[in-house]
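In this text, residue positions in the sequence shown follow this note's numbering: the first is 93, and each later residue adds one.
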Amino acid sequence: MLEPLTFPAGFLWGAATSAYQIEGAVREDGRTPSIWDTFSHTPGRTVGGDTGDVAVEHYHRYRDDVALMAELGLGAYRFSVSWPRVQPTGRGPAVQRGLDFYRRLVDELLARGIEPALTLYHWDLPQELEDAGGWPARETAYRFAEYAGLVAEALGDRVESWITLNEPWCSAFLGYGSGVHAPGRTDPAAALQAAHHLNLAHGLGTQALRAALPARARVAVSLNSAVVRALSQAPGDVDARRRIDNLANGVFHGPMLHGAYPADLLADTARVTDWSCVREGDLAAIQQPLDALGLNYYTPSLVSAAPAGGSSRADGHGASDHSPWPGAEDVTFHQTPGECTDMGWTIDPTGLHELIMRYTREAPGLPLYVTENGAAYDDKPDAEGRVHDPERIAYLHGHLAAVRRALADGADVRGYYLWSLLDNFEWAYGYSKRFGAVYVDYETQVRTPKSSAEWYAAVARTGSLPAAE
């Protein structure tokens, strides 16, 4: 009989959400529209015209949701702060009513023995800042640093784990390149400018956090660093992999971890932008010492050189006539072989192991956290109202086994956050995709833990992964 896989003592077991996907209450207590409010209310942008206006009413149900987290034995909860709830115009003083919600949430978590992990930016830019230029405008980075300081001053006495940005690649390249995410712009040069200013926001925001937080606080960033594989070892395919890897990974970890953009990235994108947005002192500001690095992983990418006269947008990031890959529009993306989730994403835990080991080499000595990992399935209650999701259990088992393998191979992985705690608004997919370990009836808002939630709770309580069935 196979023995269970045991994780180190103190390994952090958590779950994650984001503000716009769960909170609702979009017009309460001084909150103003974010780019996702505007985008989701624009016809044709989301499946079914769905919006986050109500979402899963976490703003009013947070106490019950925290009680549910405690029942599931979670040691940590990663959430994001809604920027327009705290600073409605993206400028000036904070709205205390907005901050009060997060004070109450954090107090509730601490009372239940759950560690809060606060993400400052999970894609909900105040619309007024977008109207002033958005992330392609340098000023937005300075406004983010101001916002970071306001939140740190309000919550720094009780939150120790801070994340500046979640998946800046999506903000830059899906928001300003392919346009499948808010604000829905399709300008390759703007996408690269946005990437740089998100990097700058991370660096300036980290400085603002360090100035306001106690010494014990930990600062990190969460990257959806891609595992990019070449279709073959043909030179064109290998070069396609290199270009996509730079656009997915090097564009962020280059300046954040090493203080420079990859030289070949700059060369590959020279026909798109001259990178004049990078000013003297920017790279030093971006390369701030970090206490940890968050890695978000769902599926690998498989690429090749495009056939003559053709390319492919089949890159798993939604339908668009515009590429999210500036300077690499001629790369073809292929469906990786194997079973898929309801997102059409191939299930491949080896990619998570590969990603962890890459960043073990890329950033030696820097603790790692898996800050998102999970799967969407078409979950439905049975006749008794129970929700069985064995596919999600198998997905989680495989990926947690990959984390355990990375630990055995010498990686310093400190924790794992399941995406997501609750079914929720899945961005452009609206409510058509369910990632939650807890089923939400969107009509009644009743929460029902799925069998995967019960399975994950057992893993969290025992710190061990049972042998696969």
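Each residue gets a CB set at the ideal place from its N, CA and C atoms; glycine is no exception.
C-alpha gap between residue i and residue j, whole angstroms
i, j, result
"S393", "C369", "29 angstroms"
"M93", "C432", "At M93, the pLDDT of 44 sits below 50, so the modelled position is not reliable; the number obtained from the coordinates is stated separately. Roughly 29 angstroms between the two C-alpha positions."
"L375", "H294", "11 angstroms"
"L201", "G248", "15 angstroms"
"L357", "I378", "17 angstroms"
"Q188", "Q285", "32 angstroms"
"Y531", "D515", "6 angstroms"
"L513", "L488", "13 angstroms"
"L642", "V118", "The first residue shown for the chain is 93 and the last is 561, placing residue 642 beyond what the model contains."
"L164", "G241", "33 angstroms"
"A498", "G342", "22 angstroms"
"R230", "E518", "29 angstroms"
"V395", "V320", "7 angstroms"
"Y508", "T463", "6 angstroms"
"P399", "V495", "37 angstroms"
"T256", "A475", "43 angstroms"
"P421", "V251", "The sequence as given places Glu at residue 421; Pro does not occur at that position. Those two C-alpha atoms are separated by around 42 angstroms."
"W254", "A312", "6 angstroms"
"G269", "Q380", "27 angstroms"
"A159", "Y451", "35 angstroms"
Coarse secondary structure for residue i, derived from DSSP in three states
i, result
"V313", "strand"
"W227", "coil"
"S412", "coil"
"T452", "helix"
"E372", "coil"
"G241", "helix"
"R235", "helix"
"G106", "strand"
"W254", "strand"
"M93", "Low confidence applies here, because M93 scores a pLDDT of 44, under 50, leaving its location unreliable and the question unanswered by this model."
"A560", "coil"
"N341", "helix"
"L221", "helix"
"T181", "coil"
"A377", "helix"
"V395", "strand"
"G165", "coil"
"G276", "coil"
"T536", "coil"
"T124", "coil"
Reference residue i, options the options, closest by Cα
i, options, result
"E546", "H491, R496, R478, G490", "R478"
"S263", "L290, V139, H350, E252", "L290"
"T391", "Q285, G342, L349, H445", "H445"
"R506", "I127, R250, G167", "G167"
"Y112", "W215, I206, G443, A240", "W215"
"A244", "D279, V364, V198, L510", "V198"
"Q110", "T428, G144, D470", "Inspection of the sequence shows that residue 110 is occupied by Ser rather than by Gln. Taking only the C-alpha atoms, the option nearest S110 is G144."
"M348", "Y213, A455, R137", "A455"
"P180", "R450, T134, I127, V148", "I127"
"L510", "R334, T298, D422, A529", "A529"
"G328", "F131, A397, N388, D192", "A397"
"R334", "H350, A352, G351, A359", "A359"
Where residue i falls, given that 16 or more other Cβ within 10 Å makes a residue buried
i, result
"V139", "exposed"
"S314", "buried"
"R277", "buried"
"K472", "exposed"
"P176", "buried"
"A209", "buried"
"E115", "buried"
"R484", "buried"
"T442", "exposed"
"A324", "In the sequence as presented, Ala is not what sits at residue 324; that position holds Ser. Label assigned to S324: exposed."
"A503", "buried"
"G267", "buried"
"A355", "exposed"
Continuous alpha helix (DSSP H) stretch holding residue i: start and end
i, result
"R334", "327-337"
"I127", "127-132"
"R170", "No alpha helix (DSSP H) contains R170, which is instead part of the beta strand (DSSP E) from 168-172."
"V198", "188-203"
"V320", "First-last for V320: 320-322, but that is the beta strand (DSSP E), not the alpha helix (DSSP H)."
"A352", "It is not in any alpha helix (DSSP H) - A352 carries neither H nor E in the DSSP assignment."
Residue range of the beta strand (DSSP E) that includes residue i
i, result
"P50", "No answer is possible for residue 50: it lies beyond the span of the chain, which begins at 93 and ends at 561."
"A111", "Note, A111: premise wrong, no beta strand (DSSP E); alpha helix (DSSP H) at 111-114."
"W511", "505-511"
"P208", "207-213"
"E464", "460-464"
"V423", "423-426"
"V532", "530-532"
"L514", "Careful: L514 lies outside any beta strand (DSSP E) and carries neither H nor E."
"G386", "385-388"
Neighbour flag for residue i against chain E, beta carbons, 8 angstroms
i, result
"A147", "Included in the structure is just one protein chain, with no chain E present."
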